[in-house]
Amino acid sequence: MTAESVSADIDLTVNAGGLALQTPVMGASGCCGFGHELLRLGRAGDVSALVTPSLTARTQSSDHRGVLLEVPSGLVSPTDRPSLGTGQLEATRLPWDADGIPPVIVSLAGNLSGAYAEAADQLRRQSLMRRVAGVEVNLACGDRKNDDRPFAHDVFGATKVIARVREQLPRDLPLFAKLSADVHDLVEIARGCVKSGATGLVVSSPLRALSIDLPTLRPRLTPAVTGLSGPAILPITLRAVWELRAAVLSGRLPNVAVVAVGGIARASDAVQALAAGASAVQVGSVMLHDPSSAERVTTGLLAECERLGIPSVKDLIGRAHHD
Amino acid sequence: MTAESVSADIDLTVNAGGLALQTPVMGASGCCGFGHELLRLGRAGDVSALVTPSLTARTQSSDHRGVLLEVPSGLVSPTDRPSLGTGQLEATRLPWDADGIPPVIVSLAGNLSGAYAEAADQLRRQSLMRRVAGVEVNLACGDRKNDDRPFAHDVFGATKVIARVREQLPRDLPLFAKLSADVHDLVEIARGCVKSGATGLVVSSPLRALSIDLPTLRPRLTPAVTGLSGPAILPITLRAVWELRAAVLSGRLPNVAVVAVGGIARASDAVQALAAGASAVQVGSVMLHDPSSAERVTTGLLAECERLGIPSVKDLIGRAHHD
Amino acid sequence: MVEARGELIASRRMGVFQHHTIVVPELADRARPGQLASFAVGGRTSALLGRRTLPLAAITPSGTYGGTIEVVVDPVRDAGMRWLADLRVHDEVDVIGPLGRAFPLPAHGVDSMVLGVGASAAPLGWLSTALRDRGCRVELMLAGETDRHLVGVIEARRVIGTVSVVTPGPTGLLPVLRDELQRTLRATEISVVYAAARAPELSAVAEVARPFGVTVQALLDEAMPCGTGLCGSCEVPVTGSDGISRTIRCCTEGAVIRGDLVEWDRYVAELWETVR
Amino acid sequence: MVEARGELIASRRMGVFQHHTIVVPELADRARPGQLASFAVGGRTSALLGRRTLPLAAITPSGTYGGTIEVVVDPVRDAGMRWLADLRVHDEVDVIGPLGRAFPLPAHGVDSMVLGVGASAAPLGWLSTALRDRGCRVELMLAGETDRHLVGVIEARRVIGTVSVVTPGPTGLLPVLRDELQRTLRATEISVVYAAARAPELSAVAEVARPFGVTVQALLDEAMPCGTGLCGSCEVPVTGSDGISRTIRCCTEGAVIRGDLVEWDRYVAELWETVR
Ligand SMILES: Cc1cc2nc3c(=O)[nH]c(=O)nc-3n(C[C@H](O)[C@H](O)[C@H](O)COP(=O)(O)OP(=O)(O)OC[C@H]3O[C@@H](n4cnc5c(N)ncnc54)[C@H](O)[C@@H]3O)c2cc1C
Ligand SMILES: Cc1cc2nc3c(=O)[nH]c(=O)nc-3n(C[C@H](O)[C@H](O)[C@H](O)COP(=O)(O)OP(=O)(O)OC[C@H]3O[C@@H](n4cnc5c(N)ncnc54)[C@H](O)[C@@H]3O)c2cc1C
Ligand SMILES: Cc1cc2nc3c(=O)[nH]c(=O)nc-3n(C[C@H](O)[C@H](O)[C@H](O)COP(=O)(O)O)c2cc1C
Ligand SMILES: Cc1cc2nc3c(=O)[nH]c(=O)nc-3n(C[C@H](O)[C@H](O)[C@H](O)COP(=O)(O)O)c2cc1C
Ligand code: FES
Ligand code: FES
């Protein structure tokens, strides 16, 4: 059952930070690959946009496998996975021109603001850039110049990265800053990113976490680069979205689109995220659990709109803030 | 089966910030009541110390029920529950002198540093104070002088509260600062608390969270005072404990005991928390799910020590930091 | 109050509900009508932290099967109830009980009404028998969304004689329930109503009964996520005999509460489900 | 690769393991020995996000039952496997498959050895039959912690004739397995070893086989939490034919991998369980 067959009457299209989307359900970075696997599963069309795994200026291997550990209702995994260099895009036979591949958002990572800028610069020069509908900047990476603390935890670091990436990209290309919810003042960091050119905010990256192996009693993954994702963090995601939207409404933050990521697993989660103020959601870990999740969320979203008597999913956005 | 009957050989005693404990398994604030319920269940002796629900200077009702919402592997609940005034302690027929009641730690809350100080002052004057083995300061409350942001999110606010409470209490009384893990620089806040007199740190309070009701599309609890607890947050708790212990080892933080709270549900969780650097753990939400949890964790901890060939649970503390 | 592992030994459909018989001698030997049992749900791999607390439908003290309790589960209430309903014979489940206050029984015979809605009506057959044993006249009224949402009509007819059944009219269940109750209270000498339902229906019952000076003993079948008094999630606002407002914990101080004491408007307004 | 709901139609104990037969026509009609099926575990209320990916033990293409697959589950491996093992007839489960690369079969008869450890040996009966059908001589070696950890010895004897059994000696299973394998390779003309086991045992098999110039086709029965190639958690370090190190995804590019290609030391050192 495709989303459309449920109800032709309800409008699912949204615009998130300049990005026109057929539905509010995107695929989160690193959880949907580059498109090969979803195509093979016949599920590439389930997401309204595909965010790629984070790319870096140079192809990077990693000391460890990108192993997932199972924790209650969540996954703990490394945030410094091996990554492809943006200069290598052409050579990699990505299926971005294939039928059924949705708009592609390229995620960029780095350890210095200059590295992000270089990754963006190289990306712009690739011929595949014609298929790139937007860029998402993964700010959960450690800043070499700031004791390896994540850029997303520091307003100056985050602002600088966004400004330098913005410079490298076409003026009208939607640019998303992916923030972390585990900071005490999310709005301050968000404001810095918007001022330096982000057209949208994505919350949240995996939250800093740790898991210790028994019986060795050693961390199972490197503590500095371990994150928690999955349904366990949904209430924290919702809170972060709420806070950003409330800041827009109170004037503390310029008007900017928010995209919710972190624990979205079913339609009711997506409805909550939209009501809290998100213009779209991304499904991540749950795609690993069940690759039909994006479709289930989309279909369920239609059903929820019908049940609530809402003609356009846009009418849900920010509803929790109305009296 | 009591913990002792499993193995008489293994030493479970620990010292946490000046507090001598028979086992590392304490009962978390607000999840074990004042002792009545655990006594009735025959389970008061399962915890090595009972942390009371937070008390305030004056008895406070609340606009809403202290309702728990179920989320995946967690609970979302209000952090501003109705509270008893410390001045009313005597009148409340608390069972703190009853047989089987473990050492009591009184949790204090407030909305101004002066209110915490007043609560501490009144507590000290109560005759039940003779049964109080320590004080835990719940810093997750909003600071009226700082836009209602939690004290635990602001180094100045947190430091001031701890200093003012310290002044009111006997010099040798163990004093714990209960911190929140959802800040970008936990160590900085911890350092302020230790410098102003905390002998121990407890991490973490529930994390800021939100849940939205369908079909009303309104927040189910007041967003500013909603927290997430339960196994969902365990990896975040472990990460916070690790970070504090690493800061002690690197000299960034004075040597101070850390108590882990947040998602501890079984013995392996407690082992992880101790290995990450905690001297003790507190069981919270899981006691609501199953009041035999504290005993299960304790018994399992003995078994884990046996399996690992460790004669004293103290040998586990901080083990994950050894090479 | 004891914690125990119970073993499901019989299970049958009861309309849209599921009726379970569970061996738990520790509990079966001491429970009275109106008391509750609280279950951990979802099994070892469960993401559900809250317990599910239900009125006991009946007990059989230790005998052949070593003491059983019975409960009626509404599987559509939430995922945890669904899990509970889906248990099969020989499955084990973690139970705490008996919890809370039983229906206070009159010392001598009075005219009474026993009223229940949906699965909440589960304990009313047991209660009716106890009332009849004390010489009470019992009028039984069972309400539900459809015929398949009525619990124990046939069994009740055997015990009680007159059983009236209420199903929704064009504007829903509540108006019909109110009318039927009002008519019965007018036409009889009933001095007490024992009711078991969700809060909105109980509120209506209390309101209808008030002008008649009839005492309502209401079993509040609402979410009680710990069942042991530890969490405070089940608090019910009441007006004490001193006229002062306070809250009582439904799981340990209820779930049977005198209808005239509950601040119904406040309670119903504040009620949120504790499950997604 | 398809996603489907499967219905368990038969389940029996197999020593310490559980053998399940599941109706999933979409999968049964296309799988070959060495391929995998991946299951969502824990049901609706599950806290477990990772899938459990297992080698298929057998298939029966669509017929009376509409096409079945078989798997052998080790319940003590983790809580998810326990849930899978505890499923009962008529329960439904979410399956994705067939996944990955089958054992490459020789075009004509060769002398082969088929070796498996514990529940991982599940597909080897099926594989042996396929090899025999191609005219291969098959030596079967089954290893396990105890007699109750051996899968399909009796069935295998019917198909293969000679089946040797390896259980632990005073210093564990691995030394005995090595010795037995070495002795057999010395005494026979075996040119290929098909092995299914966890990584440490497979590493030993590859090491023993290397000096004999014998090809090892190894089915890596390790955690594959998505099964579809999306997560990258199952990566195995290999040396390509170009001599350059890279990683391949066990679930989609394995789980059968040539033993001489795997960088075993690195792989085993990096292996962590993906479950608590
Ligand atoms: C069947 C019945 C009829 C009632 N009729 C009236 C009435 O007409 N007017 C009125 O003001 N109140 C009436 N009541 C209320 C009753 O008198 C008590 O006020 C009420 O039951 C006490 O409830 P409680 O929850 O406050 O106390 P509880 O602690 O529940 O009850 C106190 C004790 O009284 C016993 N008890 C309760 N009701 C009766 C009874 N009717 N006869 C003998 N013992 C009893 C209980 O078994 C219990 O042990 C009636 C109660 C019942 C159960
Ligand atoms: C039974 C057997 C015996 C082997 N003996 C030797 C050996 O003595 N020396 C050596 O260097 N390598 C040997 N090999 C390895 C073999 O020649 C290929 O190199 C290997 O199977 C290719 O594996 P792959 O994973 O790289 O490619 P794959 O993609 O798995 O295999 C490529 C294709 O070759 C087919 N195939 C695999 N093996 C054979 C075979 N033996 N005969 C015909 N077709 C085959 C498969 O069906 C497949 O379609 C043997 C393999 C098998 C299965
Ligand atoms: C296996 C895996 C790989 C990921 N890779 C990336 C990545 O490359 N870049 C990035 O910004 N986020 C990455 N993430 C984070 C997700 O995009 C998402 O922010 C996070 O998982 C929270 O969403 P979820 O709860 O829906 O999984 C990854 C997450 C997982 C589980
Ligand atoms: C019902 C409930 C009541 C609580 N009340 C308090 C409180 O009064 N004071 C406090 O500091 N923390 C309170 N907490 C937080 C717990 O002490 C603990 O920090 C938190 O729940 C995380 O631990 P857990 O995951 O083991 O539950 C409460 C938590 C719950 C669930
Ligand atoms: S359900 Fe927890 S106090 Fe009643
Ligand atoms: S198990 Fe996820 S990529 Fe293989």
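Protein sequence lines, in the order shown, are assigned to chains Z, S, F and X. Anchor point for the first sequence: position 45 equals 45 in our numbering, and the numbering is continuous, going up by one each time. Anchor point for the second sequence: position 199 equals 1199 in our numbering, and the numbering is continuous, going up by one each time. Anchor point for the third sequence: position 42 equals 2042 in our numbering, and the numbering is continuous, going up by one each time. Anchor point for the fourth sequence: position 194 equals 3194 in our numbering, and the numbering is continuous, going up by one each time. The C-beta atom is built at its ideal place from N, Cα and C for all residues, glycine as well.
Closest Cβ-Cβ distance between residue i and chain X: below 8 Å?
i, result
"glycine 2080 of chain F", "yes"
"threonine 2045 of chain F", "yes"
"serine 205 of chain Z", "no"
"threonine 2 of chain Z", "Any reading at threonine 2 of chain Z is ruled out, since the residue's pLDDT is 45, under 50, leaving its predicted position unreliable."
"arginine 40 of chain Z", "yes"
"glycine 142 of chain Z", "no"
"serine 285 of chain Z", "yes"
"valine 2041 of chain F", "yes"
"leucine 2048 of chain F", "yes"
How about residue i: is its C-beta nearer than 8 Å to some C-beta of chain S?
i, result
"alanine 232 of chain Z", "yes"
"glutamine 272 of chain Z", "yes"
"serine 2233 of chain F", "yes"
"proline 2225 of chain F", "yes"
"arginine 307 of chain Z", "yes"
"glycine 197 of chain Z", "no"
Short of 7 Å in beta carbon distance, which residues of its chain neighbour residue i, apart from the five on each side in sequence? Order them along the chain.
i, result
"arginine 131 of chain Z", "Trp96, Asp97 and Val104"
"threonine 1023 of chain S", "Ala1003, Leu1012, Ser1048 and Thr1298"
"serine 980 of chain S", "An answer regarding residue 980 of chain S cannot be provided, because it is not within the stretch 1001 to 1323 covered by chain S."
Note down the Cα distance separating residue i from residue j, rounded to an integer number of angstroms.
i, j, result
"arginine 3137 of chain X", "glycine 3006 of chain X", "35 Å"
"valine 1286 of chain S", "valine 3041 of chain X", "22 Å"
"serine 2164 of chain F", "glutamate 2155 of chain F", "13 Å"
"methionine 2081 of chain F", "alanine 2004 of chain F", "19 Å"
"histidine 3108 of chain X", "arginine 3132 of chain X", "10 Å"
"serine 1293 of chain S", "tyrosine 3194 of chain X", "47 Å"
"valine 2256 of chain F", "cysteine 3234 of chain X", "55 Å"
"aspartate 185 of chain Z", "arginine 125 of chain Z", "36 Å"
Near residue i, which residues of its chain fall below 8 Å by C-beta distance, leaving aside the five closest residues on each side in sequence?
i, result
"valine 2268 of chain F", "Ala2199, Pro2200 and Ser2203"
"leucine 1069 of chain S", "Leu1075, Val1076, Ser1077, Ser1211, Arg1220 and Leu1221"
"aspartate 154 of chain Z", "Asp143, Asn146 and Ile189"
"leucine 35 of chain Z", "First, the amino acid is wrong: residue 35 of chain Z is glycine here, not leucine. Around glycine 35 of chain Z: Ala44, Leu50, Leu94, Pro95, Trp96, Ala98, Ile101 and Val104."
Note down, in chain order, each residue of its chain lying with its Cβ closer than 6 Å to the Cβ of residue i, except the 5 sequence neighbours on either side.
i, result
"threonine 3129 of chain X", "Val3159"
"threonine 1199 of chain S", "Gly1017, Gly1018, Pro1174 and Leu1175"
"arginine 191 of chain Z", "Leu253"
"alanine 1320 of chain S", "Ala1275 and Ala1276"
Taking 7 Å as the cut-off, is the C-beta of residue i nearer than that to any heavy atom in ligand 7?
i, result
"arginine 1040 of chain S", "Because ligand 7 does not appear in the structure shown, any question about it cannot be addressed here, the ligands present being ligand 1, ligand 2, ligand 3, ligand 4, ligand 5 and ligand 6."
Between residue i and residue j, which are expected to be in contact by the criterion C-beta below 8 Å, what is the C-beta distance as a whole number of angstroms?
i, j, result
"valine 3095 of chain X", "valine 3024 of chain X", "5 Å"
"isoleucine 1162 of chain S", "serine 1196 of chain S", "4 Å"
"alanine 1117 of chain S", "glutamine 1168 of chain S", "6 Å"
Nearest chain Z C-beta to residue i closer than 8 Å, yes or no?
i, result
"aspartate 1182 of chain S", "yes"
"threonine 3228 of chain X", "yes"
"glutamate 3222 of chain X", "no"
"leucine 1217 of chain S", "yes"
Any beta-carbon of chain F closer than 8 Å to the one on residue i?
i, result
"aspartate 3265 of chain X", "no"
"serine 1292 of chain S", "yes"
- Message: Can you tell me which residues fall inside 6 Å of ligand 5, judged by beta-carbon distance to its nearest heavy atom, and keep chain order?
- Response: That gives F/Met2224, F/Pro2225, F/Cys2226, F/Gly2227, F/Gly2229, F/Leu2230, F/Cys2231, F/Gly2232, F/Ser2233, F/Cys2234, F/Arg2249, F/Cys2250 and F/Cys2251.
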